[in-house]
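Have a look at the structure below before the remarks.
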Amino acid sequence: MAVDVNEAEFEKDVIERSRQLPVVVDFWAEWCGPCRTLTPALEEAEAARDGQVVLAKVDVDANKALAARYGVQGIPAVKAFRDGAVVNEFVGAVPKAKVEELFDSLVPSRADELLAAGDELSLREAAELEPRRADIAVALARKRLERGAEEDALEAVKAHESDFAAKGIAARIALAKADVGIEAFKSLDRGDREIALDGLLEAMPEADVDTREQLRQAVIGILTELPQGSPTAANYRRRLATALY
Numbered sequence: 006m007a008v009d010v011n012e013a014e015f016e017k018d019v020i021e022r023s024r025q026l027p028v029v030v031d032f033w034a035e036w037c038g039p040c041r042t043l044t045p046a047l048e049e050a051e052a053a054r055d056g057q058v059v060l061a062k063v064d065v066d067a068n069k070a071l072a073a074r075y076g077v078q079g080i081p082a083v084k085a086f087r088d089g090a091v092v093n094e095f096v097g098a099v100p101k102a103k104v105e106e107l108f109d110s111l112v113p114s115r116a117d118e119l120l121a122a123g124d125e126l127s128l129r130e131a132a133e134l135e136p137r138r139a140d141i142a143v144a145l146a147r148k149r150l151e152r153g154a155e156e157d158a159l160e161a162v163k164a165h166e167s168d169f170a171a172k173g174i175a176a177r178i179a180l181a182k183a184d185v186g187i188e189a190f191k192s193l194d195r196g197d198r199e200i201a202l203d204g205l206l207e208a209m210p211e212a213d214v215d216t217r218e219q220l221r222q223a224v225i226g227i228l229t230e231l232p233q234g235s236p237t238a239a240n241y242r243r244r245l246a247t248a249l250y
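So in my numbering the end of the sequence shown lands on 250, straight run, no missing numbers.
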């Protein structure tokens, strides 16, 4: 059931609430015929998600400043909030499929839930559900590496050659077969990422061209795990460039 929200309640009922659950806001007006057409589809979509999404309604006539704040120029205007910000939106009485698409974008898919579970069986099922997702393939490959199943790990990432993390895993397996970087990867598996990176960079000067490329891919694959803007990643990227050139 949709909740009516005004300017005084918006911060609490939409912005703050969206930090716990996604909130879909329907900007509407009593005189708006398309708004009344859209409402049932919005309510059905909310009900189908069983508490995973909150539906709120804002009367633009009674809350003009709020409508202006979010650039509402035509109604119905639907905006989805997560973590305090608009993450998806549409304008107009769109088809039900479009409504469902917006709500689907806000809740975890079955594959997302399996990825979060993190065990190999769940990851394998997730990969079967969404075979194009490199993040799932990489997680599955890492889980297989934990039990020493290198060929199975390689199978998991072979279809994701454009993904840096996937390429890093494939490079790691190739290096291990050539007995290169073994100690570095042991450090990585222990959680000593910087020691692992140091070891891989130190192996570059004596490596042949092909091995140097595999070392580069392995280093980049590790660096993709670090947060964007990480000083550690920036430092090792500079060191990698120096080692290569």
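Ideal Cβ positions, reconstructed from N, Cα and C, are used throughout, including at glycine.
Keep in mind that this is a model prediction, so the values were computed, not measured.
So which of the options has the shortest CA-CA distance to residue i?
i, options, result
"TYR75", "VAL19, ALA46, ARG129 and GLY173", "VAL19"
"ALA239", "GLU199, GLY204, ARG217 and GLU218", "GLU199"
"LEU79", "GLY89, GLU125, ASP66 and ALA122", "The displayed chain sequence assigns Gly, not Leu, to residue 79. It is ASP66 whose Cα lies nearest to the Cα of GLY79."
"MET209", "PRO100, VAL185, ASN93 and GLY89", "VAL185"
"VAL77", "ALA13, ASP88, ALA246 and PHE95", "PHE95"
"THR229", "PRO113, ALA139, LYS103 and ASP9", "ALA139"
"LEU134", "LEU205, PHE108 and LEU120", "LEU120"
"ARG149", "ARG129, ALA189, GLY97 and TYR241", "ARG129"
"PRO27", "GLU49, CYS40 and ALA61", "ALA61"
"GLU218", "GLY173, ALA189 and PHE190", "GLY173"
"ARG221", "ARG24, ARG242, TRP36 and GLN233", "ARG242"
"ALA53", "ASP194, THR237 and ASP109", "ASP109"
"ASN11", "GLY123, ILE187 and ASN68", "ASN68"
"GLU256", "VAL58, ARG244 and THR42", "With the chain represented from 6 up to 250, any question about residue 256 goes unanswered, as that position is not in the structure."
"THR42", "PRO81, VAL214 and SER114", "PRO81"
"CYS40", "GLU166, GLU125 and VAL99", "VAL99"
"PRO113", "ALA70, GLY56, PHE15 and ASP194", "GLY56"
"ILE225", "ASP168, PHE15 and ALA70", "ASP168"
Give me the Cβ distance between residue i and residue j, rounded to the nearest whole Å; I'm assuming they're in contact under 8 Å.
i, j, result
"ALA161", "LEU145", "4 Å"
"GLU155", "ILE178", "5 Å"
"ILE227", "ALA246", "Actually they do not touch by this definition, with Cβ atoms about 15 Å apart."
"LEU111", "ARG87", "7 Å"
"LYS101", "ALA46", "5 Å"
"GLY89", "SER23", "6 Å"
"ALA50", "VAL92", "In fact, because the Cβ distance is near 16 Å, the residues do not count as touching under 8 Å."
"PHE32", "ALA73", "Incorrect: roughly 11 Å between the Cβ atoms, too far for contact."
"VAL143", "ALA170", "5 Å"
"LYS63", "VAL30", "For clarity, residue 63 is Val in the given sequence; the question names Lys instead. Indeed they touch by this definition, with Cβ atoms about 6 Å apart."
"GLU35", "ALA7", "That pair is no contact at about 14 Å."
"ALA223", "ALA176", "4 Å"
"ALA248", "THR216", "Between THR216 and ALA248 the Cβ distance is about 13 Å, and since that is not below 8 Å, they are no contact."
Can you pull the DSSP bridge partners for residue i?
i, result
"LYS84", "VAL30 and GLU94"
"VAL2", "The first residue shown for the chain is 6 and the last is 250, placing residue 2 beyond what the model contains."
Indicate the three-state DSSP secondary structure (helix, strand or coil) for residue i in the structure shown.
i, result
"VAL143", "helix"
"PRO136", "coil"
"ASP124", "coil"
"GLU106", "helix"
"GLU118", "helix"
"THR237", "helix"
"THR229", "coil"
"LEU111", "coil"
Is residue i near the ligand MG - that is, is its Cβ less than 8 Å away from at least one heavy atom of it?
i, result
"GLU48", "What this structure holds is no ligand at all, so the ligand MG is not there to describe."
4 or more residues per run - each alpha helix (DSSP H) lying fully within the stretch 11-80: 12-15, 38-53 and 69-74
Entirely enclosed beta strand (DSSP E) segments - the stretch 147-223, minimum 3 residues: none
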